[in-house]
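For reference, the structure discussed in these notes is given below.
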Amino acid sequence: MIGTVFDLILLNPMVNILVVLTTVLFGSFGLAIIGFTILVRIATFPLTLRQLNQTRAMQQLQPVVQELQKKYSDPKRRQQELMKAYKEAGVNPLGCIGPMLLQFPILIALFYAIRAVLPQSPEALEGLSGRLYDIAFIQHAVPLEEHFLGMDLRSPNLVMVVLVGLTTWAQMKTTVMYTTDDRMKMQQKMMTWMLPAMLAFFALSFPSGLSLYWTVNSVVGVGFNIVTYGFPLLGIQPLVALRQPKQPPSGDAEQPEPSGDAEPPPGDQKGKKAKAGVATSAQSDRQARTTHGSRSNRNKRPNRRRRS
Amino acid sequence: MPRHPKKALAFAITALAALLVACGDIANPEGWATPHFTNDTLYYFPDDDTLVAVTFDDDQPQTVTWGFPDTAIDAEANLDIDAVYGDVVVDDDVIYFAGWEGHVYAVDRDSGRLLWTTRDRLDVEGSIVAGLLHHNNTLYFGTTEGFFYALEDETGAPAPGWRADGIEFPKGLWATPLLLDETIYLATMTGEVHAISAEDGSPVWDAPFESGTGAIPELSLLNDELLFVPTLGKTVYLLDAATGQEEFPSFDTEDWVWTSPAFDGNYAYFGDFEGVIHALDITTGHDAWTAQAEDKVKAAPAIVDDVVVFADRGPVVHFFDRETGDRIGVPNHAIDSGTVRADLVARDGYAYILTTSGDLWRADPETATVQPVPMPGAAE
């Protein structure tokens, strides 16, 4: 039942879109994957923008969250207060994982779509007949050319493995990380390396067509991050302003200090200090090497004072 | 809660990878080579990588005389046959076949031992789906990358006068090459039919036939004049073999046609992937009758006396009067394992059906029944 629904609403449409794109894009399935990736990113751009806003808002609430966590020892009450704070700030704590979760059904479907459209065996080509829509333009297009830039898109490719790792790392590096928590910073720093390594490892056994999708997706993600947050290491300023969250309800909560030399995003009238901990992961790394420890201590002091 | 969004991301990616890897093997080649009967022996593939010879007496299998390859023999231990799709060629003393992995094998017919293989000698471009054409001491075959090769049957070396690295055609030679009057016919998955000289590969027609309706996975000769050209674009063409021109306007089907027909001199019987069974009258280019199977039809039917026997992918076996199309009995669901992709074979009043599970079944048109053929164990 789940398989049938998955086929009908996700896999089969994807198979047909890929066939159409291949035909339109000069018979190149590689170009079709690139085109498909861009279409997906465009279609999910509102979600991506929402994610960026929510992530930022969530992180700007971190001082409040930390205060509430220290203030309430009862987990139930703490959770209630946290949710109340989120609600008052207009933040949906789940809002920033939507696009991330959306990637997984797309990835799974694309994995199967590539295997269906570029069959590894005659039996697989036979199975494709049941997935194609009854449109002559589509029916006449199969089987598709499986090679792109010298790669067999059905099989793993070492170049793509490297590109998956590099582009994922680049996306992680350009992803904004707002946190005042040392432990989380360490985790994030570790994930900046772990995630690309893990994905590259998986790419060793995935069709290179899927790796191509992930690579292009990451490159586009890097572009979004740079457009949204800039990239101070290269002197690139943000090109768009994100929506500002509502003022956190606990006005007495102290904002964490800015993390290093991050430029305040345009439109933020509170200036640099209000950009609590806003930094790309690259900046965070630098902070970790320079002022990270002392800044963390400073961030903790007010809380300790309040608790005492 | 996205308190640790990257942890959640890592977990999700791990789960995704586990799921994909677990579900990864969905397209392993299995093969669909047709069983081959001689007077007293059946040669067939009970699984994707082993050819066996079974003696037959009074329609009953007697002994498995040999299996190939035999992993206990050094020369055959590492052959790694993936799957075999094309029919075996049975010569007086030798059996030839080609594997999906791109190698051609010559096996002694009596002993079942390897005579030669192209493995380690000829690195063909692509895989081999098509069967071999054996003519004039030469083996011809095409590959999925569109390369056409000719080998000496004695040694497996490139045939004199032919390029060792193959002649390149538009991509995808999936159909077994055909021969008629020193002309070889080739079909491509780009929808073309080529006629070339068996001597040197030079073109025979003024121009190749172009279907314009998609890939041509099979090619058959109906008599000494007509080529049966099915496509994945739901169209069948009947071509004049001499000129490559359409003998009749193209014939539309409900779905892909990926099969050879059974031909009785007047009608070409075949099924499509919508399960529609056709009896195509080659004198008019139209259906004499049609019927409906329960699943897609990949295997070519078998004509046994006045009955044409189909097995669909269900697998369900269907019996029809070949003149009228009247169904004989009811659709038979006796086959309880695998599915049917290999062509059916008519022999001594029965139609033999090989399933993808490697089981052999025998359909009796007189009673519209289907019985398993119990295979003996290997000879000591």
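Here the protein sequences line up with chains W and L, keeping their order.
Straight run, no breaks: the first sequence in the numbering used here ends on number 311.
Straight run, no breaks: the second sequence in the numbering used here ends on number 1022.
Using N, Cα and C, we set each Cβ at its ideal position, and we do this for glycine too.
Coil, strand or helix - residue i by DSSP
i: W:Pro-235; result: helix
i: W:Arg-228; result: The sequence shown places Asn at residue 228 of chain W, rather than the Arg named in the question. W:Asn-228 falls in the helix class under three-state DSSP.
i: L:Glu-743; result: coil
i: L:Val-766; result: coil
i: L:Trp-1026; result: Examination of residue 1026 of chain L is not possible in this model, given that chain L is present from 643 through 1022 alone.
i: W:Val-8; result: helix
i: W:Asn-19; result: helix
i: W:Asn-220; result: helix
i: W:Ile-117; result: helix
i: L:Pro-800; result: strand
i: W:Pro-261; result: Residue placement at W:Pro-261 cannot be trusted, given a pLDDT of 32 that sits under 50; what the coordinates show is reported in the next sentence. Here W:Pro-261 sits in coil by DSSP.
i: W:Thr-25; result: helix
i: L:Ala-829; result: strand
i: L:Thr-676; result: coil
i: L:Ala-944; result: strand
i: L:Leu-868; result: strand
i: L:Leu-861; result: coil
i: W:Leu-147; result: coil
i: L:Ile-715; result: coil
i: W:Thr-40; result: helix
i: W:Val-68; result: helix
i: L:Arg-755; result: coil
i: W:Asp-185; result: helix
i: L:Phe-693; result: Reading off the sequence shown, one finds Leu at residue 693 of chain L, where the question assumed Phe. Residue state, collapsed to three classes: strand.
Residue i - partner residues in DSSP beta bridges
i: L:Gln-702; result: L:Asp-699
i: L:Gln-1013; result: L:Arg-1004
i: L:Thr-760; result: Answer by DSSP bridge pairing: none, since L:Thr-760 is not bridged.
i: L:Ile-737; result: L:Val-732 and L:Val-749
i: L:Glu-794; result: L:Thr-780
i: L:Glu-834; result: L:Glu-852
i: W:Ser-214; result: In the DSSP output, where bridge partners are listed per residue, W:Ser-214 has none listed.
i: L:Val-987; result: L:Tyr-994
i: L:Val-958; result: None, per the DSSP bridge assignment.
i: L:Leu-922; result: L:Ala-910 and L:Asp-929
i: L:Asp-894; result: L:Thr-877
i: W:Thr-197; result: Strictly speaking, residue 197 of chain W in this sequence is Met, with Thr absent from that position. Bridge partners of W:Met-197: none, in fact.
Min CB distance residue i to chain W below 8 Å
i: L:Asp-897; result: yes
i: L:Asn-670; result: yes
i: L:Gly-1055; result: Because chain L is modelled from 643 through 1022, residue 1055 of chain L falls outside the range shown and cannot be assessed.
i: L:Gly-980; result: no
i: L:Gly-754; result: no
i: L:Trp-1003; result: no
i: L:Trp-900; result: yes
CB contact below 8 Å: residue i versus chain L
i: W:Val-145; result: yes
i: W:Ser-132; result: yes
i: W:Gln-142; result: yes
i: W:Ala-282; result: Its pLDDT being 45, under 50, W:Ala-282 is placed unreliably in this model, and the value from its coordinates should be taken loosely. So, not an interface residue.
i: W:Ala-139; result: yes
i: W:Asn-300; result: Note on W:Asn-300: pLDDT 40, under 50, position unreliable in the model; no value is reported.
i: W:Ala-279; result: Interpretation of W:Ala-279 is limited by its pLDDT of 39, a score under 50 that renders its predicted location unreliable; the figure taken from the coordinates is listed afterwards. So, not an interface residue.
Segment limits, alpha helix (DSSP H) that includes residue i
i: W:Leu-50; result: 48-63
i: W:Thr-171; result: 161-177
i: W:Ile-141; result: 139-142
i: L:Asp-882; result: Premise fails: L:Asp-882 lies in the beta strand (DSSP E), 877-882, not in any alpha helix (DSSP H).
i: W:Pro-78; result: 78-91
i: L:Leu-1029; result: Outside the shown range of chain L (643 to 1022) lies residue 1029 of chain L, about which nothing can therefore be said.
i: W:Pro-313; result: Nothing about residue 313 of chain W can be reported from this structure: the residues present for chain W run from 4 to 311 only.
Amino acids of chain W, ordered along the chain, whose beta-carbon sits closer than 8 Å to that of residue i
i: L:Tyr-727; result: Pro-125
i: L:Val-771; result: Pro-125
Boundaries of the beta strand (DSSP E) in which residue i is found, first to last residue
i: L:Gln-934; result: 928-934
i: L:Phe-952; result: 949-953
Contacts of residue i in chain W (Cβ-Cβ under 9 Å)
i: L:Phe-915; result: Glu-129, Ser-132 and Gly-133
i: L:Trp-931; result: Near L:Trp-931 there are no residues of chain W at all, since even the closest Cβ is about 24 Å away, more than 9 Å.
Chain-ordered chain W contacts of residue i [CB-CB under 7 Å]
i: L:Gly-814; result: Pro-146
i: L:Met-831; result: Pro-146
query = Between the segment 852-877 of chain L and chain A, which residues of the former have a C-beta closer than 7 Å to a C-beta of the latter?
reply = Absence of chain A from the displayed structure is noted, the protein chains being W and L.
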